[in-house]
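Residue numbers (the working numbering), protein chains in the order written: chain A, 1 to 164; chain B, 1 to 253. We treat Cβ as the ideally placed atom computed from N, Cα and C, and that holds for glycine. First up is the structure itself, then whatever we jot down about it.
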Amino acid sequence: MDRLENHLPRLRRYARALTGDRHAADDLVQDTLERGWSRLALWRPGSRLDAWLLAIMHNLFVNQYRRQAPPAAPLDDLPGEPAVRAAQGDGLAVRDLDRVLAQLPPEQREVLLLVALEERPYAEVARLTGVPVGTVMSRLSRAREKLRLLLAEESGRAALRVVK
Amino acid sequence: MNRLPPTEDQLHAYADGQLAAAERQQIEAWLAEHPAEAGQVAEWRQQNAALRAAFDPVLAEAVPDRLLRAARRTPGWSLPMRVAAGIAWLGVGVAIGYLFRGTALPGESGRVALARSAAVAHVVYTPEVRHPVEVGADQEAHLVQWLSKRLGTPLHVPDLSAQGYALVGGRLLPGDAGPVAQFMYEDHAGHRLTLYVRSDARENRETAFRFAREGKLAVFYWLDGTLGYALSGEMPREQLLSAAESAYRQLNP
């Protein structure tokens with residue numbers, strides 16, 4: 001039987017990337033589970049539980065950032081959580097990526113992460129986020145372009161740090 | 001061969017591995033002759049890889065207990081089982097209520113009703129993750145004052161920390177004949193006990209300590225004057241006993 005808890009690691013990974021904060025991510029996952037339990041009657045057996053949970057998480061996330069636009073993190077002088085270097089070491093720390101992702105508009109961040117991290121088909125991303133596939137594609141395109149620019153900036157900064 | 005160049009959407013789909021084999025091969029061939037676009041596709045793939053490398057470690061982290069509890073509700077109980085258990089409790093309640101209609105505390109029926117009401121309240125409120133109590137243990141003084149006022153008698157909250165249970169808080173419930181209080185405790189593993197207190201018994205000198213069990217739920221209960229107490233937990237009798245004895249000693253010194 002497919003159980004909610006089997007999906008926790010992936011939900012946590014996605015929420016972590018989406019919110020950029022460990023505690024906010026786990027709060028979002030917990031709210032998703034709560035909502036999931038209260039709506040279990042609406043889940044159609046045979047449809048995928050993970051897609052259903054992601055759709056719930058999407059709705060909660062959208063409501064959250066609509067209610068309270070998070071304060072934009074300043075580019076410099078973020079308080080010092082130690083930068084965890086990615087294992088496959090392309091030199092990008094989680095912290096750098098968090099900072100970059102936080103600068104993407106939430107709807108672009110969502111589409112990018114659902115495609116890149118969750119590896120969801122475009123049509124499913126469209127269903128999850130409730131927009132046409134064309135909108136998914138334009139958000140993906142804009143997210144990737146913005147990510148490219150921001151990463152270039154970051155690596156410029158990293159190079160400066162190494163040099164000085 | 002003169003083919004139309006692929007659309008940007010097709011290039012994204014190619015980068016994300018979302019194309020069927022035939023289309024993928026066509027685009028691969030086209031990209032081999034168009035290095036600028038090939039470079040763009042390669043960059044998108046690097047972005048995907050960087051995101052996975054950064055966040056995949058979350059998959060290996062231990063899932064926090066609070067999320068496991070939220071996913072499981074209670075260990076081994078699926079939602080349908082929970083609903084069935086709730087209905088079964090309701091059935092038990094209705095049956096007992098019918099059998100003992102018109103009788104009141106004290107007496108056998110009153111005690112059974114006490115244990116049964118406490119058990120139903122336990123089953124209803126302990127699965128709550130976000131709202132298990134109305135007033136939390138951080139406002140214990142206010143909690144005790146409030147519930148004492150509503151029940152019309154000074155209440156005491158036993159300290160069960162020696163048994164490993166910390167107070168979560170409490171709530172006011174409707175009883176058969178007036179307000180009832182429920183205090184909730186939790187151990188480090190998230191196991192919950194509830195102490196159910198009603199104050200509407202007729203004056204009663206008997207303070208015998210009794211035990212009832214329904215399925216997984218164990219209930220120790222006793223009467224003291226106008227007060228009736230029931231301590232419930234989903235655990236074996238022996239495990240609940242030490243907490244119940246401690247509560248009993250503190251409430252009936």
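Practice item. Go through its chain and collect everything with a Cβ distance to D200 of chain B's Cβ below 6 Å, but skip five positions before and after it. Key: The residue you call residue 200 of chain B lines up with position 200 of the second sequence. Cβ neighbours of D200 of chain B beyond the five flanking positions: A177 and G178.
Point to revise | Residue-level contact to chain A via CB, H12 of chain B, 9 Å cutoff | key: Walking along the second sequence from the start, residue 12 of chain B turns up at place 12. Taking Cβ atoms only, chain A reaches closer than 9 Å to H12 of chain B, which makes this a yes.
Exercise for review: Give a yes or no on whether the C-beta atoms belonging to A121 of chain B and Y221 of chain B are separated by under 9 Å.
Suggested key: Within the second sequence, residue 121 of chain B is the residue found at index 121, counting from 1. Within the second sequence, residue 221 of chain B is the residue found at index 221, counting from 1. Not in contact: A121 of chain B and Y221 of chain B (Cβ atoms no closer than 9 Å).
Practice item. Would you mind working out which of B:D56, B:R45 and B:L67 sits nearest A189 of chain B, comparing C-alpha positions? Key: Here residue 189 of chain B corresponds to residue number 189 of the second sequence, with the count starting at 1. Residue B:L67 is the option with its Cα nearest to A189 of chain B.
**Study point:** Where L227 of chain B falls, given that 16 or more other Cβ within 10 Å makes a residue buried
**Key:** On the second sequence, position 227 is the one that residue 227 of chain B refers to. With 16 or more other Cβ atoms from the protein chains shown falling within 10 Å of its own Cβ, L227 of chain B counts as buried.
Point to revise | For S161 of chain B and G225 of chain B, the rounded distance between their alpha carbons | key: Stepping through the second sequence from its first residue, residue 225 of chain B is reached at position 225. Stepping through the second sequence from its first residue, residue 161 of chain B is reached at position 161. Rounded to whole angstroms, G225 of chain B to S161 of chain B spans 26 Å at the Cα level.
**Study point:** Close Cβ partners of D98 of chain A (< 7 Å) along its chain, the five nearest in sequence each way excluded
**Key:** Residue numbering aside, residue 98 of chain A sits at position 98 when the first sequence is read from its first letter. For D98 of chain A, same chain residues with a beta-carbon under 7 Å away, outside a window of 5 residues either side, are G20 in chain order.
Point to revise | Rounded C-alpha distance that separates S141 of chain A from T7 of chain B | key: In the first sequence, counting from the first residue as 1, residue 141 of chain A sits at position 141. In the second sequence, counting from the first residue as 1, residue 7 of chain B sits at position 7. Near 12 Å, if we compare the C-alpha coordinates of T7 of chain B and S141 of chain A.
Exercise for review: Flag this pair as yes or no: are the beta carbons of L113 of chain A and L18 of chain A separated by less than 9 Å?
Suggested key: In the first sequence, counting from the first residue as 1, residue 113 of chain A sits at position 113. In the first sequence, counting from the first residue as 1, residue 18 of chain A sits at position 18. Yes; because the gap between Cβ atoms is below 9 Å, this pair is in contact.
Check your understanding: In whole angstroms, what separates the C-alpha of Q47 of chain B from that of A143 of chain A?
Key -> In the second sequence, the residue the question calls residue 47 of chain B occupies position 47. In the first sequence, the residue the question calls residue 143 of chain A occupies position 143. Answer to the nearest angstrom: the Cα atoms are 11 Å apart.
Check your understanding: Using DSSP with H/G/I as helix, E/B as strand and the rest coil, what is A189 of chain B?
Key -> As a working mapping, residue 189 of chain B is identified with position 189 in the second sequence. If DSSP states are grouped into helix, strand and coil, A189 of chain B belongs with coil.
Point to revise | Presumed contact (8 Å Cβ cut-off) between A256 of chain B and R45 of chain B, rounded CB distance | key: Any question about residue 256 of chain B goes unanswered here, given that chain B covers just 1 to 253.
**Study point:** C-beta neighbour in chain D for A54 of chain B, strict 9 Å
**Key:** Of the chains in the structure shown, none is chain D; the protein chains are A and B.
Check your understanding: Are any of the Cβ atoms in chain B nearer than 9 Å to that of M57 of chain A?
Key -> On the first sequence, residue 57 of chain A is found 57 positions in, with the first residue counted as 1. No, M57 of chain A lies away from the interface with chain B (no Cβ there is under 9 Å from its Cβ).
**Study point:** Outcome for P132 of chain B when other beta-carbon atoms lying within 10 angstroms are tallied against a minimum of 16
**Key:** Your numbering for residue 132 of chain B matches position 132 in the second sequence. Its Cβ being crowded by 16 or more others within 10 Å, P132 of chain B is buried.
Exercise for review: Can you give me, in chain order, the residues of the region 117 to 136 of chain A that have a beta carbon less than 8 Å from any beta carbon in chain B?
Suggested key: L117, E119, P121 and Y122
Exercise for review: Sort B:V41, B:D159, B:A113 and B:A36 by Cα distance to G17 of chain B and report the nearest one.
Suggested key: In the second sequence, residue 17 of chain B corresponds to position 17, counting from 1. Cα-wise, what sits closest to G17 of chain B is B:V41.
Exercise for review: Report the option in B:P35, B:H34, B:K149 and B:A113 whose CA atom is closest to the CA atom of P171 of chain B.
Suggested key: Start at 1 with the first residue of the second sequence, and residue 171 of chain B comes out as number 171. What sits at residue 171 of chain B in the sequence shown is Arg, not Pro. Closest option to R171 of chain B, Cα to Cα, is B:K149.
Check your understanding: Under three-state DSSP, which class holds F209 of chain B?
Key -> Residue numbering aside, residue 209 of chain B sits at position 209 when the second sequence is read from its first letter. Reduced to three states, the DSSP call for F209 of chain B is coil.
Review point. Between the region 141 to 152 of chain A and chain B, which residues of the former have CB atoms less than 8 Å from a CB of the latter, in chain order?
Key: S141, R144, L147, R148 and L151
Check your understanding: Where DSSP assigns a beta bridge to D50 of chain A, which residues make up the other side?
Key -> Counting from one through the first sequence, the residue named residue 50 of chain A turns up at place 50. D50 of chain A is not bridged to any residue.
Check your understanding: Roughly how far, in whole angstroms, is the beta-carbon of L231 of chain B from the beta-carbon of A247 of chain B, given that I think they are within contact range, below 8 Å?
Key -> Translated into the one-based positions of the second sequence, residue 231 of chain B becomes position 231. Translated into the one-based positions of the second sequence, residue 247 of chain B becomes position 247. That pair is a contact at about 6 Å.
Check your understanding: Taking just the CA atoms, how far does G134 of chain A sit from E28 of chain B?
Key -> Translated into the one-based positions of the second sequence, residue 28 of chain B becomes position 28. Translated into the one-based positions of the first sequence, residue 134 of chain A becomes position 134. Cα-Cα distance, rounded: 23 Å.
Practice item. Can you say whether H23 of chain A is buried or exposed, counting buried as having 16 or more other CB atoms within 10 angstroms of its CB? Key: As a position in the first sequence, residue 23 of chain A is number 23, starting the count at 1. Label assigned to H23 of chain A: exposed.
Check your understanding: Relative to the C-alpha of H34 of chain B, which residue among B:L11, B:Q182, B:V58 and B:A62 is closest?
Key -> Translated into the one-based positions of the second sequence, residue 34 of chain B becomes position 34. It is B:L11.
Practice item. Go through its chain and collect everything with a Cβ distance to L128 of chain A's Cβ below 6 Å, but skip five positions before and after it. Key: Working through the first sequence from its first residue, we reach residue 128 of chain A at position 128. Taken in chain order, the residues that qualify are L54, A55 and H58.
Point to revise | Y165 of chain B in three-state terms, based on DSSP | key: Here residue 165 of chain B is taken as the residue at index 165 of the second sequence, counted from 1. Coil.
Point to revise | Contact set for A15 of chain A: own chain, Cβ-Cβ below 6 Å, skip 5 residues either direction | key: Start at 1 with the first residue of the first sequence, and residue 15 of chain A comes out as number 15. Excluding residues within five positions, the ones whose Cβ falls inside 6 Å are A25, L28 and V29.
Practice item. Please report the Cβ distance between R198 of chain B and V180 of chain B, rounded to the nearest whole angstrom; I am assuming they are in contact, meaning their Cβ atoms lie under 8 Å. Key: Within the second sequence, numbered from 1, the residue matching residue 198 of chain B stands at position 198. Within the second sequence, numbered from 1, the residue matching residue 180 of chain B stands at position 180. The Cβ separation is near 5 Å, so the contact holds.
Exercise for review: Please check if any C-beta of chain B sits within less than 9 Å of the C-beta of W52 of chain A.
Suggested key: Within the first sequence, residue 52 of chain A is the residue found at index 52, counting from 1. Judged by the 9 Å Cβ criterion, W52 of chain A is not in contact with chain B.
Check your understanding: So, helix, strand or coil for V135 of chain B, using DSSP?
Key -> Taking the second sequence and counting its residues from 1, the one referred to as residue 135 of chain B is at position 135. Strand, per DSSP.
Review point. How would you write the range of the beta strand (DSSP E) that V219 of chain B sits in, first residue to last?
Key: Locating residue 219 of chain B in the second sequence gives position 219, where the first residue counts as 1. Start and end: L217 to D224.
Review point. How would you call P174 of chain B, buried or exposed, if buried means at least 16 neighbouring beta carbons within 10 angstroms?
Key: Residue 174 of chain B sits at position 174 when you count from the first residue of the second sequence. Exposed is the call here.
**Study point:** 6 Å CB neighbourhood of R109 of chain A in its chain, flanking five on each side removed
**Key:** Along the first sequence, read from residue 1 onward, the residue named residue 109 of chain A stands at position 109. Cβ within range, chain order: L101.
Check your understanding: Got a sec? Which residues, its chain only, sit under 7 Å from T32 of chain A by beta carbon, not counting five neighbours each side?
Key -> Numbered from its first residue, the first sequence carries residue 32 of chain A at position 32. Around T32 of chain A: L11, L53, I56, M57 and L60.
**Study point:** Boundaries (first-last residue) of the alpha helix (DSSP H) holding G233 of chain B
**Key:** Within the second sequence, the letter at position 233 stands for residue 233 of chain B. Note, G233 of chain B: premise wrong, no alpha helix (DSSP H); beta strand (DSSP E) at L227 to E234.
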